[in-house]
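If you read the sequences in order, they're chains A and B.
Residue numbering for the first sequence follows the numbering used here, beginning at 5 and increasing consecutively.
Residue numbering for the second sequence follows the numbering used here, beginning at -15 and increasing consecutively.
Note that the Cβ used here is the ideal one computed from N, Cα and C, for glycine as well.
If you're wondering where the values come from, they're calculated on a predicted model, not measured in any experiment.
Have a look at the structure below, then the notes.
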Amino acid sequence: MQLLRTYILPRIVQWAVVIFVGVTIIFLIPRFSPINPVDDMIGRMTAFQTMDPQAVVLMRATMQDLYGLDGSLLEQYINFWQRLLQGDLGPSFQNFPTPVNEIIAAGLPWTVGLLTTSTIMSWLLGIFVGSLVGYFQHRRWAQVLERVVIVIYPTPYVIIALILMVLFTFYWPIFPMVGGAQGKPALNWEYISSILRFGFLPALSIVIGGFAFRFIIAKALATTEIASDYVQYAELAAVPKRRIVYSYIIRNTMLPHVNDLALSLGAMFEGALITEVVFGYPGLGSKLFTAISNADYNIVMGIVLLSIVGIATGSLIVDLLYPVFDPRVRLR
Amino acid sequence: MLTTIRDLLRYSLSFRFGSVILLFVAIMVVVSFFAPYPPEKRRVVPRKMRGEPPSAEYILGTTTLGQDVFWMLLTAVRHTLLIASIAVCIGRGIGVMLGMISGYLGGGADRVIQSVVESVIVIPRLPLLILIAVILKGGLTFVWLGILIGMLDWAYPSKRYRAQVLSLREREFTHTAIFSGMGTAKIVIQEHLPFIIPFLLADVVSGFLFSIGMEVTLSWLGLNDLNSLSLGTMIYWADEWNSIFAGKPWVMIAPVVAVIVVVVGFYLVSIGISEYLDPRKRLLRLQTHQSDTALELQAQGTSAGTAIASAGTAKDE
């Protein structure tokens, strides 16, 4: 009970506050935008045909009501929370009247599938290689690997993605350029293999970027760990080097990595944006980008909300589980 | 400060390499002021030389619009660094201030500031940046882009400075200073600032990495002042005009390579500085004045060197 009151409950309150503030900021910013989606839409409708001015006025009122854009800012805000708590994100402006929920549901499997696989792969690879290089720092292969990472790590992700795309779709065209899959969704080899083929390059770009980051951290942690007494003792006792790396160093440095994994899985909806735009992948990221350019608030709100909840929940889970992973952390 | 840089140059290989690269970049920036014509101007290259690969006269080639890629690139590097500097100044300015206020005041103010910082960290930065950039589109100049990037890059730094201040406040010398009647302002400036400045230095360098990356990303999405030159807009136009598919890859390769060179330079410097800040390595450096053997052994790559060094560390403690 003590634990619940002094640790878990305040942490959950903090989670709620963070989401509340984040959502409020996200609610406010688009409303200061000079692009008015209703005017935009009416402009498009009246571009090719003349309409009765009275009909236009009526239509504008209806649309503002529909999109929750009527009334004062405060009224909009209260309405917005009411709808949000009922799980209703409203219709999309551009693809009227498709509900935002449906659009998000269509993109979600692509993003989650791509990001979960590639994030976990880059995480494992980074820890494994990073720790090995940290332990065998003075070997030639380790130094070559480290130099490669020193170039990859600071390079902006867009550039990595662009280079991969140009190399493997143009100069050596072994992968398709745009899309998520070919053919009709079905549970046969043809469709599944096309998912793998289309997803390979985006996933590779994420794995490379994520690997470099994880590598740097794993190597730094391993380098610190090597100097500790138990590793020195194990070396003097001639414990096999492989065992020192796998069961001593990696195991003892795992904690911050687990922490980061939860956070980066939480940040997945944000991370997919550039990948999906570069490779034309049909997930949430590319939907978010088109929605932003078209001032389609409801979709932007929906996806960013998902992202905020994801990150906040990820860090909540990390904080709550920390005492489970690390016996040294105990409530004072 | 000077001795710090001298030490860094002497002991850190990556710092040495990084400074050479950054010096090279600085020379590029200086040379860019001597462009024979405004580099973004079109049709300055003779008609039959347009869209040609690198040659003796135009060492990085020319575009089909009649621009000289070499001069474009130099100016682009300068503009990108300008955007990044603005972003870093604003981001670190807010970060240092909030972190120090939060750390020194403590209590209620600290809690309020921290909850705001936590919320800002949770908000996805890239979509937000894109959103604002779309809203400002058209009126977005370099300065604005820099300000925008800076406004979103202070939350993590401010947390780091707060942690620094919190630890400094509990150190023994702070208590000594307080008991000997030193004023708060004097303690902060004379005693604490020297500890903060190296962190600020490392932070500024990593801020450059973030800002350059953001500039390139946003420009590639078309959310910059596309009529001006920056590394990002060069990549945007090369992409937009399909330079690769049109068989003129040098238009694309030049800015891409430049971005990589610049960020790697900054990154190497930041590795050097953080090595310098690492307390274990610092002790090693202090000991070299007493016994050079440990460092030499370590330089030769034997684990015995590490053992001797850490044995020495243990003894000192």
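Proximal residues, the region 298 to 329 of chain A versus chain B, C-beta separation under 7 Å
Those residues of the region 298 to 329 of chain A placed with their C-beta closer than 7 Å to a C-beta in chain B are 304, 308, 311, 312, 315, 316, ordered along the chain.
Counted within 10 angstroms of its Cβ, other Cβ atoms place residue 55 of chain B as buried (16 or more) or exposed
Here residue 55 of chain B is taken as the residue at index 71 of the second sequence, counted from 1. By the neighbour-count rule (16 or more Cβ atoms within 10 Å), residue 55 of chain B is buried.
Please report how far the alpha carbon of residue -8 of chain B lies from the alpha carbon of residue 72 of chain B, in whole angstroms.
To locate residue -8 of chain B, count along the second sequence from 1; it is residue 8. To locate residue 72 of chain B, count along the second sequence from 1; it is residue 88. Computed Cα separation, rounded: 23 Å.
Mapping the DSSP letters down to three states, classify residue 69 of chain A as helix, strand or coil.
Within the first sequence, numbered from 1, the residue matching residue 69 of chain A stands at position 65. Residue 69 of chain A: helix per DSSP, three-state reduction.
Where does residue 17 of chain A land, buried or exposed, given buried means 16+ other C-beta within 10 angstroms?
The count along the first sequence starts at 1 and reaches residue 17 of chain A at position 13. Of the residues assessed, residue 17 of chain A falls on the exposed side of the cut-off, its CB having fewer than 16 other CB atoms within 10 angstroms.
Quick check: the region 84 to 102 of chain A against the region 176 to 190 of chain A, are at least 3 beta-carbon pairs closer than 8 Å?
no
Do you know how far the Cα of residue 266 of chain A is from the Cα of residue 29 of chain A?
Numbered from 1 along the first sequence, position 25 holds the residue referred to as residue 29 of chain A. Numbered from 1 along the first sequence, position 262 holds the residue referred to as residue 266 of chain A. Approximately 24 Å, taken between the alpha carbons.
Complete alpha helix (DSSP H) runs within the region 126 to 178 of chain A (minimum length 4 residues, chain order)
144 to 156, 161 to 170
Is residue 275 of chain B buried or exposed, if buried means 16 or more other CB atoms sit within 10 Å of its CB?
Working through the second sequence from its first residue, we reach residue 275 of chain B at position 291. At residue 275 of chain B, the pLDDT of 47 sits below 50, so the modelled position is not reliable and the matter cannot be decided from this model.
Would you verify that the beta carbon of residue 244 of chain A is, or is not, closer than 7 Å to some beta carbon of chain B?
Residue numbering aside, residue 244 of chain A sits at position 240 when the first sequence is read from its first letter. Not one chain B Cβ lies under 7 Å of residue 244 of chain A.
If you measure beta-carbon to beta-carbon, which residues of the region 91 to 105 of chain B are closer than 9 Å to chain E?
Absence of chain E from the displayed structure is noted, the protein chains being A and B.
What are the residues of the region 151 to 163 of chain A that lie near chain B, defined by any Cβ-Cβ distance shorter than 8 Å?
154, 155, 157, 158, 159, 160, 161, 162, 163: these are the residues of the region 151 to 163 of chain A whose beta carbon lies less than 8 Å from some beta carbon of chain B, given in chain order.
Do you know offhand how far residue 252 of chain B's Cα is from residue 194 of chain B's?
Position 268 of the second sequence, counting from 1, holds the residue named residue 252 of chain B. Position 210 of the second sequence, counting from 1, holds the residue named residue 194 of chain B. Roughly 14 Å separates the two Cα atoms.
Taking only the alpha-carbon atoms, compute the straight-line gap between residue 180 of chain B and residue 206 of chain A and give it to the nearest angstrom.
Translated into positions along the second sequence, residue 180 of chain B becomes position 196. Translated into positions along the first sequence, residue 206 of chain A becomes position 202. One C-alpha to the other measures close to 40 Å.
When you compare the CB positions of residue 147 of chain B and residue 104 of chain B, do they come within less than 7 Å of one another, or not?
Walking along the second sequence from the start, residue 147 of chain B turns up at place 163. Walking along the second sequence from the start, residue 104 of chain B turns up at place 120. No. Outside cutoff.
Secondary structure of residue 178 of chain B, DSSP reduced to three states:
As a working note, residue 178 of chain B is residue 194 in the second sequence. Residue 178 of chain B: helix per DSSP, three-state reduction.
Residue of A:66, A:131, A:81, A:254 minimising C-alpha distance to residue 33 of chain A:
Translated into the one-based positions of the first sequence, residue 33 of chain A becomes position 29. With distances taken between Cα atoms, residue 33 of chain A lies closest to A:81.
Should residue 79 of chain B go down as buried or exposed, given a rule of 16 or more other Cβ atoms within 10 Å for buried?
Taking the second sequence and counting its residues from 1, one reaches residue 79 of chain B at position 95. The Cβ neighbour count for residue 79 of chain B, taken over all protein chains shown within 10 Å, is at least 16; the residue is labelled buried.
Can you check whether the C-beta of residue 208 of chain A is within less than 7 Å of a C-beta belonging to chain B?
As a first step, residue 208 of chain A must be located in the first sequence, where it is residue number 204. With 7 Å as the cut-off, residue 208 of chain A does not count as an interface residue toward chain B.
If I measure Cβ to Cβ from residue 178 of chain A and keep anything under 7 Å in the same chain, skipping five residues before and after, which residues do I get?
Taking the first sequence and counting its residues from 1, one reaches residue 178 of chain A at position 174. Here the set comprises 172.
Cβ separation of residue 306 of chain A and residue 108 of chain A, assumed to be a contact under 8 Å, to the nearest whole Å:
In the first sequence, counting from the first residue as 1, residue 306 of chain A sits at position 302. In the first sequence, counting from the first residue as 1, residue 108 of chain A sits at position 104. Correct: roughly 5 Å between the Cβ atoms.
Within chain A, the residues that residue 23 of chain B reaches when beta carbons sit closer than 8 Å:
As a working note, residue 23 of chain B is residue 39 in the second sequence. Residues of chain A passing the Cβ test: none, with the nearest at roughly 22 Å.
Contact between the region 225 to 240 of chain A and the region 137 to 148 of chain A is defined here as three or more beta-carbon pairs at a separation below 8 Å; is this criterion met?
Result yes; three or more Cβ-Cβ pairs closer than 8 Å.
Report the neighbours of residue 228 of chain B on chain A: residues whose CB is nearer than 7 Å to its CB, in chain order.
Taking the second sequence and counting its residues from 1, the one referred to as residue 228 of chain B is at position 244. Going along chain A in sequence order, the residues near residue 228 of chain B (Cβ under 7 Å) are 170, 174.
Mind checking the region 14 to 26 of chain A against chain B and listing, in chain order, the residues whose C-beta falls within less than 9 Å of any C-beta there?
18, 21, 22, 23, 24, 25, 26
Leaving out five residues on either side along the sequence, give the residues of the same chain with a beta carbon under 6 Å from the beta carbon of residue 254 of chain A.
Your numbering for residue 254 of chain A matches position 250 in the first sequence. Cβ contact annotation for residue 254 of chain A (same chain, cutoff 6 Å, sequence separation greater than five): 135, in chain order.
Since I believe residue 254 of chain B is in contact with residue 186 of chain B (beta carbons under 8 Å), could you give me their beta-carbon distance rounded to a whole number of angstroms?
Position 202 of the second sequence, counting from 1, holds the residue named residue 186 of chain B. Position 270 of the second sequence, counting from 1, holds the residue named residue 254 of chain B. For a cut-off of 8 Å, the C-beta gap from residue 186 of chain B to residue 254 of chain B is around 6 Å, short enough to register as a contact.
Using the beta-carbon count (16 or more within 10 Å), is residue 76 of chain B buried or exposed?
Along the second sequence, one-based indexing puts residue 76 of chain B at 92. With 16 or more other Cβ atoms within 10 Å, it is buried.
Rounded separation between residue 86 of chain B and residue 94 of chain B - CA only
In the second sequence, the residue the question calls residue 86 of chain B occupies position 102. In the second sequence, the residue the question calls residue 94 of chain B occupies position 110. As the crow flies, the alpha-carbon of residue 86 of chain B is around 4 Å from that of residue 94 of chain B.
Among B:190, B:217, B:4, whose alpha-carbon lies nearest the alpha-carbon of residue 141 of chain B?
Within the second sequence, the letter at position 157 stands for residue 141 of chain B. Checked all of B:190, B:217, B:4; the closest Cα to residue 141 of chain B is B:190.
When the Cα atoms are used, what is the spatial distance from residue -2 of chain B to residue 110 of chain A?
Locating residue -2 of chain B in the second sequence gives position 14, where the first residue counts as 1. Locating residue 110 of chain A in the first sequence gives position 106, where the first residue counts as 1. When only Cα atoms are considered, residue -2 of chain B and residue 110 of chain A end up about 47 Å apart.
Reduced DSSP category for residue 187 of chain B - H, G, I as helix; E, B as strand; rest coil:
For the purposes of this step, residue 187 of chain B is taken as residue 203 along the second sequence, with counting starting at 1. For residue 187 of chain B, the three-state secondary structure derived from DSSP is helix.
Residue 3 of chain B classed as buried or exposed, judged by whether at least 16 other C-beta atoms fall within 10 angstroms:
Here residue 3 of chain B refers to the residue found at position 19 of the second sequence. With 16 or more Cβ atoms within 10 Å of its Cβ, residue 3 of chain B is classed as buried.
Look up residue 102 of chain A in the DSSP assignment and say whether it is helix, strand or coil.
The count along the first sequence starts at 1 and reaches residue 102 of chain A at position 98. Coil.
Just tell me which of A:218, A:189, A:279, A:262 has its CA closest to the CA of residue 329 of chain A.
Position 325 of the first sequence holds residue 329 of chain A. Measuring from the Cα of residue 329 of chain A, the nearest candidate turns out to be A:262.
If you measure between the beta carbons of residue 83 of chain A and residue 93 of chain A, is that distance less than 7 Å?
Residue numbering aside, residue 83 of chain A sits at position 79 when the first sequence is read from its first letter. Residue numbering aside, residue 93 of chain A sits at position 89 when the first sequence is read from its first letter. No, these two residues do not count as a Cβ contact at 7 Å.
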